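Undergrad: Next up is a structure, given as structure tokens.
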């Protein structure tokens, strides 16, 4: 530091300020000490008008320190508060390894202490990271205010109990001419604090003051206050006339939210006014408002307004909160229920045991999130487990995710912001080439990536450059003669890199690429994927050994006959289970933020970087299908080959460990508590409210309807599950077989005999109907062909007579014969029919109808064409 800095004016001010603060701190300490002495002697606290404050201010001014009276009082009060608040030091526990490290430090010299401490820090940091749990600790979100309110209530009740007990003991001692024995109050405070489970500091002087209040009010024949404790949240004034109705409104708001029809703020105010309409509560509210002269001349007495609403939210902030709504599909609300999720777990867990990837336990056990046995209640994760998974690497999860090379609808990546001139908007260069495709990643319960499947939108086969991809950032390898060497440019990190390759169960699993017209999954593609897994012996089958287990959603392709028959073939059996429909956001591993959320963010980021790179290198500024594979190589492993994140996603969804974790999900717990059983004699008296008309009546009707609907659905579900015969009948009679029909009948496995038998019977009946339909169309086609032939035999070829003498039926038969798809309805009058017949003369003969065989179609087509050719030859000869 230079010497000139010590002579600077700012440094002098810094010294003066420090001296002033030191003098003020000394004065504050003296005032706090004086206050403690007076309280110890039984005197009153220092008040603002007392002489010590004036003397201190005068003394400070004499040495050039200025402080106002109010500022000094505030700082003394703050110091007193800090002194009264007990300070709890955190308990520090050392592990055995850390104790040994500490003991070894005591023998080190000063020179070696620094290097040894660095080594210890790195070791401890590595151990902490390896032992870090994936589940976040702390109190559940939203419960802090409720906890504070409960703590205040417990403190209030504790002080009331102490005051009541001490008052009785004080009066009893005084009646016999004695004093309260020394130490009784301290023992009473400690006893009550332990009874109520509170840890705050309760001063004996507070108890004396509260006891004095009760004695004075008793002596003056005044009612004893409801609470002797004064703190935030206690009530000191008159009782609100809406207190009981507010409690009912709170329960109604909560219940409407649970049935996914929450009230808006305006509706809640209207509901309160309707609930008190034509009741004694409204009259009490009018008297309350008149007595306190609330509102202006235009104010309507007996009604609540936005001012009441703000106070209502403050009073019940531990139970209610206002926030923006989010859309929730009707189908999802019907299916995302606690019984459906529980049924899914029970059925799929049983199928795991049947597939020999899990074993049943003699007694249930609890584990932590990593699957390690855990008896401590606070460390348990999920519910008790009745099975133990022995082959997690044989349990697979798959979920489709849609992608597009276009950047028009890409979201922001991590809230990224850009710097631009004030008043302008950051406009980012983006590609608008629209190529849709689907990625179907396979991951396992062990947390490993199994395979990456890409399905492009297109017809025909997959173009070679789409399958291999083209990495324009890699310089292609040329042969000695300077020509492009094809073979040397294939492989990871080369010009044609191909897709992500996974190593699983000791086998290298290539990425699979397909095309479909929609760009989505088909049953044929599903069969090809499983066929590839079986061809490389990814899951070697042995008699009595495990069967590969696949958990997917209820997409209609899973119920296609070719897929169902493939997985149930004894030569390559698979166990495929479907989860609850419309609840995939809860149970499906692929929907986890660790997988789908991360891969979408990385996809947006890599597309942006690729487009910028192409712009700098003067390449076409577009993202094409041949760019997909290089991009996938960058994002797939980050999202789907992260073992720790995948294990967490599997665990929190209750698959491994098999702990039915979703049954503790907040949304399902709320549903479970939405209709609690009523206990006779335990319900509070019903408040005086209007339930007949207005919004109050409508809201209660909605709640009762949902309650009835829920009870009816449970009874119907139980009735459907009585016997296997009823299950088969339900599947056979269903108009369309879906995963919802299966879930309603407690079926989640595509290998369940209760499903397979009626499924195959439905297929036979469907095929029979198709054959009957073909036969009818064949007969109709033959009938029309004969009618046209008779028409030509009677009147000649239509080009000569132009239907001028044909009647209505003859024209109708000709129109039916020439009709094509998307034609308008046949005209009803004769003239219009003749006109359309003339228009359709140039149409080609109809194609073969769906007959029993191709030979019959060809014969019939030839017969009609031969008839037409003969007529044409006759017309030409004429």
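Residue numbers (the UniProt record's numbering): 1 to 878.
Where is the CB? At the ideal position from N, CA and C, for every residue including glycine.
Just so we're clear, the structure is a prediction, and the values are computed from it rather than from any experiment.
Please list the segments of the alpha helix (DSSP H) lying wholly inside the region 378–442, counting only runs of 4 or more residues, in order along the chain.
TA: Within the region 378–442, no run of alpha helix (DSSP H) at least 4 residues long lies entirely inside it.
Undergrad: Give me the residue from 830, 846, 801 with the minimum Cα distance to residue 816.
TA: 846
Undergrad: Cα separation between residue 595 and residue 398?
TA: 11 angstroms
Undergrad: If you follow the beta strand (DSSP E) that residue 146 is part of, which residue opens it and which one closes it?
TA: It is not in any beta strand (DSSP E) - residue 146 instead sits in the alpha helix (DSSP H) that spans 144–175.
Undergrad: May I ask you to check if the CB of residue 604 is nearer than 7 angstroms to at least one heavy atom of the ligand HEM?
TA: Absence of the ligand HEM from the depicted structure is noted, as is the absence of any ligand whatsoever, leaving it without description.
Undergrad: Rounded to a whole number of angstroms, what is the C-alpha to C-alpha distance between residue 838 and residue 782?
TA: 22 angstroms
Undergrad: For the alpha helix (DSSP H) that residue 758 lies in, which residues bound it at each end?
TA: 753–795
Undergrad: Which residues mark the beginning and the end of the beta strand (DSSP E) in which residue 838 is found?
TA: It is not in any beta strand (DSSP E) - residue 838 instead sits in the alpha helix (DSSP H) that spans 830–839.
Undergrad: Of the choices 432, 417, 431, whose alpha-carbon is the least far from that of residue 425?
TA: Per the Cα distances, 417.
Undergrad: Can you tell me the Cα-Cα spacing of residue 898 and residue 553, whole angstroms?
TA: The question about residue 898 has no answer here: the residues shown for the chain are numbered 1 through 878.
Undergrad: Just how far apart, CA to CA, sit residue 609 and residue 617?
TA: 12 angstroms
Undergrad: Please tell me whether residue 619 and residue 472 are closer than 8 angstroms, where the distance is taken between their beta carbons.
TA: yes
Undergrad: Could you say which of 383, 752, 378 lies nearest to residue 364 if we only look at CA atoms?
TA: The residue with the shortest Cα to Cα distance from residue 364 is 383.
Undergrad: Would you mind working out which of 175, 290, 588 sits nearest residue 579, comparing C-alpha positions?
TA: 588
Undergrad: In its own chain, which residues sit with a C-beta less than 7 angstroms from the C-beta of residue 273, not counting the 5 before and 5 after it?
TA: 303, 304
Undergrad: By Cβ distance below 8 angstroms, which residues in the same chain neighbour residue 349 in space, the five residues on each side in sequence not counted?
TA: 358, 386, 387, 658
Undergrad: Could you tell me the distance, in whole angstroms, from the CA atom of residue 243 to the CA atom of residue 256?
TA: Taking the CA atoms as reference points, residue 243 sits about 20 angstroms from residue 256.
Undergrad: Since residue 552 is in the beta strand (DSSP E), which residue starts that stretch and which ends it?
TA: 549–552
Undergrad: Should the region 560–572 be regarded as contacting the region 618–636, the criterion being three or more beta carbon pairs within less than 8 angstroms?
TA: Too few Cβ pairs lie closer than 8 angstroms, so no.
Undergrad: Looking at residue 549: is its Cβ nearer than 8 angstroms to the Cβ of residue 352?
TA: In this structure, residue 352 lies closer than 8 angstroms to residue 549 by Cβ.
Undergrad: Return helix, strand or coil for residue 821, following the three-state DSSP convention.
TA: Coil, per DSSP.
Undergrad: How about residue 624 and residue 435: are their beta carbons less than 8 angstroms apart?
TA: yes
Undergrad: Could you compute how far the alpha carbon of residue 546 sits from the alpha carbon of residue 263?
TA: 52 angstroms
Undergrad: Going by C-alpha to C-alpha distance, which of 405, 410, 700 sits closest to residue 438?
TA: 405
Undergrad: Is the beta carbon of residue 410 sitting closer than 8 angstroms to the one on residue 193?
TA: No, the Cβ-Cβ distance between residue 410 and residue 193 is not below 8 angstroms.
Undergrad: Within 10 angstroms of the Cβ of residue 555, are there 16 or more other Cβ atoms? Answer buried if so, exposed if not.
TA: buried
Undergrad: Count the other C-beta atoms from every protein chain shown that fall within 10 angstroms of the C-beta of residue 826, then say buried if there are 16 or more, exposed otherwise.
TA: exposed
Undergrad: Look up residue 627 in the DSSP assignment and say whether it is helix, strand or coil.
TA: In the structure shown, residue 627 sits in a helix (DSSP, three-state: H, G or I).
Undergrad: Compare the beta carbon distance of residue 73 and residue 23 with 8 angstroms and say whether it is the shorter of the two.
TA: Not a contact, by the Cβ cut-off of 8 angstroms.
Undergrad: Per DSSP, what kind of secondary structure is residue 20 in: helix, strand or coil?
TA: helix
Undergrad: If you reduce the DSSP assignment to three classes, tell me which class residue 60 lands in.
TA: helix
Undergrad: Check for me: the alpha helix (DSSP H) holding residue 192 runs from which residue to which?
TA: 184–196
Undergrad: Starting from residue 457 and walking both ways along the alpha helix (DSSP H), at which residues does that stretch end?
TA: Where residue 457 is concerned, there is no enclosing alpha helix (DSSP H), although the beta strand (DSSP E) it sits in stretches over 449–457.
Undergrad: Could you please give the first and the last residue of the uninterrupted alpha helix (DSSP H) stretch that includes residue 610?
TA: 598–616
Undergrad: Between which two residues does the beta strand (DSSP E) holding residue 239 run?
TA: Counting along the chain, residue 239 falls outside any beta strand (DSSP E), and DSSP gives it neither H nor E.
Undergrad: Helix, strand or coil, according to DSSP, for residue 68 in the structure here?
TA: In the structure shown, residue 68 sits in coil (DSSP, three-state: anything other than H, G, I, E or B).
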